[in-house]
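*Asks:*
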Amino acid sequence: MATLHVLSHSPFGDERLNSCLRLLGADDGVLLCGDAVYGLRERSDAYRQLQAANLPDRLFALEEDMQARGVSSTLAQAVDYPAFVELSLQFYKVNSWL
Numbered sequence: 497m498a499t500l501h502v503l504s505h506s507p508f509g510d511e512r513l514n515s516c517l518r519l520l521g522a523d524d525g526v527l528l529c530g531d532a533v534y535g536l537r538e539r540s541d542a543y544r545q546l547q548a549a550n551l552p553d554r555l556f557a558l559e560e561d562m563q564a565r566g567v568s569s570t571l572a573q574a575v576d577y578p579a580f581v582e583l584s585l586q587f588y589k590v591n592s593w594l
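Going by my numbering, the sequence shown opens with residue 497, and the numbers climb by one from there.
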């Protein structure tokens, strides 16, 4: 049962990203939004963790939040709000890491 994990907090303030990546199933996806998109900044520990998690086609970032924070990345697939809704329907459940 694949889960879409939604992270919205900065990966530099707590352990949510680490915990999420440890619990990630083989078919689970990760969506970064809000301050979580800062984890896509190259040369950061969070970026290295995301890169090491090897999430091709399963790592997404909300495009609007990336633009608002001046973040760009080829590691995550940028999605808009309609695509976010579509993603939430593709997975069996959605887990928001509050």
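Ideal placement from N, C-alpha and C gives every residue a C-beta, glycine not left out.
Beta strand (DSSP E) containing N591: first to last residue?
*Replies:* Taking the sequence shown and counting its residues from 1, the one referred to as residue 591 is at position 95. K589 to W593 is the span of the beta strand (DSSP E), which, as asked, contains N591.
*Asks:* Hey, could you find the ends of the beta strand (DSSP E) V526 is sitting in?
*Replies:* The residue given as residue 526 occupies position 30 in the sequence shown. It spans G525 to L528 - the beta strand (DSSP E) in which V526 sits, taken as one unbroken run.
*Asks:* Cα separation between S540 and M497?
*Replies:* Here residue 540 refers to the residue found at position 44 when the sequence shown is read from its first residue. Here residue 497 refers to the residue found at position 1 when the sequence shown is read from its first residue. Those two C-alpha atoms are separated by around 31 Å.
*Asks:* Figure out for me which residue from L583, L519 and R512 has the closest Cα to the Cα of Q573.
*Replies:* As a working mapping, residue 573 is identified with position 77 in the sequence shown. The shortest C-alpha separation from Q573 is found at L583.
*Asks:* Using a 10 Å radius around the Cβ and a threshold of 16 neighbouring Cβ atoms, would you call A532 buried or exposed?
*Replies:* Within the sequence shown, residue 532 is the residue found at index 36, counting from 1. It is buried - the Cβ of A532 has at least 16 other Cβ atoms within 10 Å.
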